[in-house]
Amino acid sequence: MHFDKAIRSQLPYNEVMEFTTLCYREAAMSEKRTYDFQRQIETYDRADIVVIGGGPAGTAAAISAARRGKKVILLEKSGQLGGMGTLGNVSIFMPIGNVTGIYREMIAEVLAEYLPEHHDTSIAPQYSPFELRYYLNEKMKKEGVEVIYHTEFVGTVKDGARLEAVIASTREGLKAFEAKQFIDCTGDGRVALDAGVPHTSGRIEDGLTQPMTLMFMMQNTGKPVTPILPESCYYYEKVSDLPQGRHLFWERNKDGQLLVNMTRVKGNGAKIKDINYAETEALRQVFSIVHYLQRNGFETYALSHVANQVGVRETNQIQGLYTLTEQDVVEGRRFQDVVAQTNYEIDIHSPDGKKTTDERKVSGYDIPYRCMVPEEVENLLVAGRSISATHVAMSSMRVQPTCYALGQAAGIAATIALDDACVIRDVSIDALHEGLREMNVVFHKLASYS
Ligand SMILES: Cc1cc2nc3c(=O)[nH]c(=O)nc-3n(C[C@H](O)[C@H](O)[C@H](O)COP(=O)(O)OP(=O)(O)OC[C@H]3O[C@@H](n4cnc5c(N)ncnc54)[C@H](O)[C@@H]3O)c2cc1C
């Protein structure tokens, strides 16, 4: 801000001081200084493998590594496991045509009524995010994974091309966690980016990512409820007024619980300004949509739960040894180093503020191990939605069952790198496939890989 002498001379002394301070503060804000920030940070704990992020990918990675006899620490920035599936209240497992491995086990243990006889079946169960959260806590104890909640990764410590430790902000301040192998399951590729792995974000043409959505639930109370529209909310008259211009809700179970995915806020969830705007705008949309639904067919439903945070579909993709493309997805490509298989559709909520969604059915394809392997770091894998994939390809691979599958493979691969004392990119694919088989992962069409 320009400090104007003429304005200053017209102001009384105390206002001059306030004005001067304001000008200096604004000048300092716009200056963008950089700081060196050095600390001696104590090691809190060390493990064979440290997994960062406890969503679908991170929980599966931790389980599979621990099952192979390794000491595993899982760092999670919130107070719960499950990632978008619980924190974001996603509450549906989308169909991928392959109910296998740890994902299949979970279905058997918490949603047995949905368990298909054969793995190559599509199921789309609606689950309770509260029960899944509880289940994952207990599962980690049974599997011998040490989960450290409220611990947010902030930086890497490297020795050449290897990670030695990650620094995290804990309830006791900054602490180091040392390991021989690391698996980044933050969904944003936070560890990889900090370690110098190149990344992309959003569409090639303009970098725009899929919009964010704050999920919520309504409960059928069995009697009429009075619709309330808080101040500053929107009055939606018809379907085309709604943020997505459509209805998108599910009531799959018989407990009167309606799961609503109807808010939409443009922006990139890895950007401070975008997520700040999304958290408030999306909540305004929640109350506005509830008011609309209570006047249009859901007269007996009350708002029963709003997700703890806005749901983020897409942020950063690492550049790995191989980048999954739209062509791979559309043509149903098969890869010799397959680690996950899915036939979930291309599903792009419009990134540019339009009320449209690009949905295209696909017949099924493989995701290769190389999509999780960054070239620059020898002992780091990236699993989950931030693997190396283009904007269109990630719109299909991003759903939870696929992220569980990728996490499971990453956990096994990290243990092989440890046992064989090799760098992560040299992990034997035969050994990886053998490890997956031992954990009941089944692929179809394996014989046709070229
Ligand atoms: C609105 C919405 C609706 C969706 N609908 C469906 C659906 O119906 N069915 C479906 O199967 N999928 C759906 N998805 C997609 C799916 O939920 C996600 O793509 C999936 O959860 C990604 O899994 P992940 O493990 O890669 O990452 P996430 O689920 O994002 O988990 C990442 C975890 O890492 C933690 N973390 C992040 N940064 C740090 C850090 N610095 N330090 C420590 N921990 C950190 C987070 O707290 C979180 O627990 C939806 C997504 C959204 C947003």
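To get our numbering, take the position in the sequence shown, counting from 1, and add 7.
Each residue gets a CB set at the ideal place from its N, CA and C atoms; glycine is no exception.
Just so we're clear, the structure is a prediction, and the values are computed from it rather than from any experiment.
Inset, instruction - Return helix, strand or coil for glycine 180, following the three-state DSSP convention. - result: Indexing the sequence shown from 1 puts residue 180 at position 173. Glycine 180 falls in the strand class under three-state DSSP.
Inset, instruction - Measure the alpha-carbon distance for tyrosine 284 versus valine 317 and round it to whole angstroms. - result: Sequence index remark: in the sequence shown, residue 284 carries index 277 (1-based). Sequence index remark: in the sequence shown, residue 317 carries index 310 (1-based). C-alpha separation (whole angstroms): 10 Å.
Legend entry - Per-residue burial, glutamate 441 [other beta carbons within 10 Å of its own, 16 or more giving buried]: Reading the sequence shown from its first residue, position 434 is the one you call residue 441. By the 10 Å Cβ count, glutamate 441 comes out exposed.
Legend entry - Given valine 173 as reference, the closest of Gly167, Gly180, Asp166 and Val161 once Cα atoms are compared: For the purposes of this step, residue 173 is taken as residue 166 along the sequence shown, with counting starting at 1. Ranking Gly167, Gly180, Asp166 and Val161 by Cα distance to valine 173 puts Val161 first.
Legend entry - Distance between beta carbons of leucine 94 and methionine 147, contact taken as under 8 Å: Within the sequence shown, numbered from 1, the residue matching residue 147 stands at position 140. Within the sequence shown, numbered from 1, the residue matching residue 94 stands at position 87. So it is not a contact: roughly 16 Å between Cβ atoms.
Legend entry - Sequence-distant residues of the same chain with beta carbon closer than 6 Å to tyrosine 142, five excluded per side: Walking along the sequence shown from the start, residue 142 turns up at place 135. Within the same chain, tyrosine 142 has close Cβ partners Val117.
Inset, instruction - Starting from phenylalanine 223, follow its DSSP beta bridges and name the residues at the other end. - result: The count along the sequence shown starts at 1 and reaches residue 223 at position 216. Beta-bridge pairing by DSSP links phenylalanine 223 to Val267 and Val313.
Legend entry - Any 3 or more C-beta pairs closer than 8 Å across the region 240-248 and the region 187-201: no
Inset, instruction - Let me know the beta strand (DSSP E) ranges lying completely inside the region 193-258, each 3 residues or longer, listed in chain order. - result: Whole beta strand (DSSP E) segments, 3+ residues: 223-227.
Inset, instruction - Classify phenylalanine 160 as helix, strand or coil using the three-state DSSP reduction. - result: Sequence index remark: in the sequence shown, residue 160 carries index 153 (1-based). Three-state DSSP puts phenylalanine 160 in a strand.
Inset, instruction - Rounded to whole angstroms, what's the CA-CA distance from glutamate 321 to alanine 54? Just pull it up for me. - result: Mapped onto the sequence shown, residue 321 falls at position 314. Mapped onto the sequence shown, residue 54 falls at position 47. One C-alpha to the other measures close to 30 Å.
Legend entry - Cutoff 6 Å; reference proline 136; Cβ partners in own chain excluding five residues on either side: Reading the sequence shown from its first residue, position 129 is the one you call residue 136. Cβ within range, chain order: Thr93, Asn96 and Ser98.
Inset, instruction - Could you tell me whether the Cβ atoms of threonine 177 and tyrosine 51 are closer together than 9 Å? - result: Within the sequence shown, residue 177 is the residue found at index 170, counting from 1. Within the sequence shown, residue 51 is the residue found at index 44, counting from 1. Yes, the pair counts as a contact, with Cβ atoms nearer than the cut-off.
Legend entry - Delimiting residues of the beta strand (DSSP E) encompassing tyrosine 51: Reading the sequence shown from its first residue, position 44 is the one you call residue 51. First-last of the beta strand (DSSP E) with tyrosine 51: 50-59.
Legend entry - For lysine 187, three-class secondary structure by DSSP: Translated into the one-based positions of the sequence shown, residue 187 becomes position 180. It is a strand residue.
Inset, instruction - Apply the 10 Å Cβ neighbour rule to glutamate 138 and answer buried if 16 or more other Cβ atoms are within range, or exposed otherwise. - result: Position 131 of the sequence shown, counting from 1, holds the residue named residue 138. Flag for glutamate 138 reads exposed.
Inset, instruction - Go through its chain and collect everything with a Cβ distance to glycine 418's Cβ below 6 Å, but skip five positions before and after it. - result: In the sequence shown, counting from the first residue as 1, residue 418 sits at position 411. Excluding sequence neighbours, glycine 418 sits near Ala68, Ser71 and Ala72.
Legend entry - Validate contact between the region 326-342 and the region 367-378 using beta carbons, cut 8 Å, 3 pairs: yes
Inset, instruction - Thinking glutamine 343 and asparagine 105 are a contact (beta carbons under 8 Å), I'd like their distance in whole angstroms, please. - result: As a position in the sequence shown, residue 343 is number 336, starting the count at 1. As a position in the sequence shown, residue 105 is number 98, starting the count at 1. About 18 Å; that fails the 8 Å criterion.
Legend entry - ligand 1 heavy atom lying under 8 Å from the CB of isoleucine 59: Residue mapping note: residue 59 aligns to position 52 of the sequence shown, counting from 1. At least one heavy atom of ligand 1 is nearer than 8 Å to the Cβ of isoleucine 59, so yes.
Legend entry - Stretch pair the region 425-437 + the region 389-402: three plus CB contacts closer than 8 Å: The way I'd put it, the region 425-437 doesn't touch the region 389-402; fewer than three beta-carbon pairs between them come closer than 8 Å.
Legend entry - glutamine 407 Cβ short of 8 Å to ligand 1 heavy atom set: Working through the sequence shown from its first residue, we reach residue 407 at position 400. Glutamine 407 Cβ: within cutoff of ligand 1.
Inset, instruction - Compare the C-alpha of arginine 75 against each of His451, Thr270, Leu425 and Gly229 and name the closest. - result: Taking the sequence shown and counting its residues from 1, the one referred to as residue 75 is at position 68. The option with the nearest alpha carbon to arginine 75 is Leu425.
Legend entry - CB of lysine 149 within 9 Å of CB of leucine 249, strictly: By 1-based counting over the sequence shown, the position of residue 149 is 142. By 1-based counting over the sequence shown, the position of residue 249 is 242. Contact flag unset, no.
Legend entry - Per-residue DSSP class, three states only, for leucine 81: For the purposes of this step, residue 81 is taken as residue 74 along the sequence shown, with counting starting at 1. Correct three-state label for leucine 81: strand.
Inset, instruction - Tell me, please, whether the region 266-283 touches the region 230-241 by the rule of three or more beta-carbon pairs shorter than 8 Å. - result: Flag = no, the region 266-283 and the region 230-241 do not touch.
Legend entry - valine 389, DSSP secondary structure in three states: The sequence position of residue 389 within the sequence shown is 382, counting from 1. It is a strand residue.
Inset, instruction - Give the DSSP bridge partners of aspartate 365, in chain order. - result: In the sequence shown, residue 365 corresponds to position 358, counting from 1. According to DSSP, which records beta bridges pairwise, aspartate 365 is partnered with Ile355.
Inset, instruction - Taking 9 Å as the cut-off, decide whether the C-beta atoms of glycine 391 and glycine 371 are in contact. - result: The residue you call residue 391 lines up with position 384 of the sequence shown. The residue you call residue 371 lines up with position 364 of the sequence shown. Result no, Cβ atoms of glycine 391 and glycine 371 do not sit closer than 9 Å.
Legend entry - alanine 175 versus Gln324, Ala168 and Ala183, residue with shortest Cα-Cα distance: On the sequence shown, position 168 is the one that residue 175 refers to. Out of Gln324, Ala168 and Ala183, Ala183 has the C-alpha closest to the C-alpha of alanine 175.
Inset, instruction - Starting from isoleucine 155, follow the beta strand (DSSP E) in both directions and report where the run begins and ends. - result: By 1-based counting over the sequence shown, the position of residue 155 is 148. Element bounds for isoleucine 155: 153-155.
Legend entry - Reference glycine 151; option with closest CA among Tyr134, Lys77, Leu122 and Lys187: Taking the first residue of the sequence shown as 1, we reach residue 151 at position 144. Closest by alpha carbon: Lys77.
Inset, instruction - Using 10 angstroms around the beta-carbon of proline 123, count the other beta-carbons present and answer buried if the total reaches 16, otherwise exposed. - result: Indexing the sequence shown from 1 puts residue 123 at position 116. By the 10 Å Cβ count, proline 123 comes out exposed.
Inset, instruction - Within 10 angstroms of the Cβ of glycine 360, are there 16 or more other Cβ atoms? Answer buried if so, exposed if not. - result: One-based indexing of the sequence shown puts residue 360 at position 353. By the neighbour-count rule (16 or more Cβ atoms within 10 Å), glycine 360 is not buried but exposed.
Inset, instruction - Taking serine 247 as the reference, give the member of Leu310, Ile109, Tyr299 and Val79 with the closest Cα. - result: Translated into the one-based positions of the sequence shown, residue 247 becomes position 240. It is Tyr299.
Legend entry - C-alpha gap between lysine 84 and leucine 310, whole angstroms: Within the sequence shown, residue 84 is the residue found at index 77, counting from 1. Within the sequence shown, residue 310 is the residue found at index 303, counting from 1. Between lysine 84 and leucine 310, the C-alpha separation is close to 27 Å.
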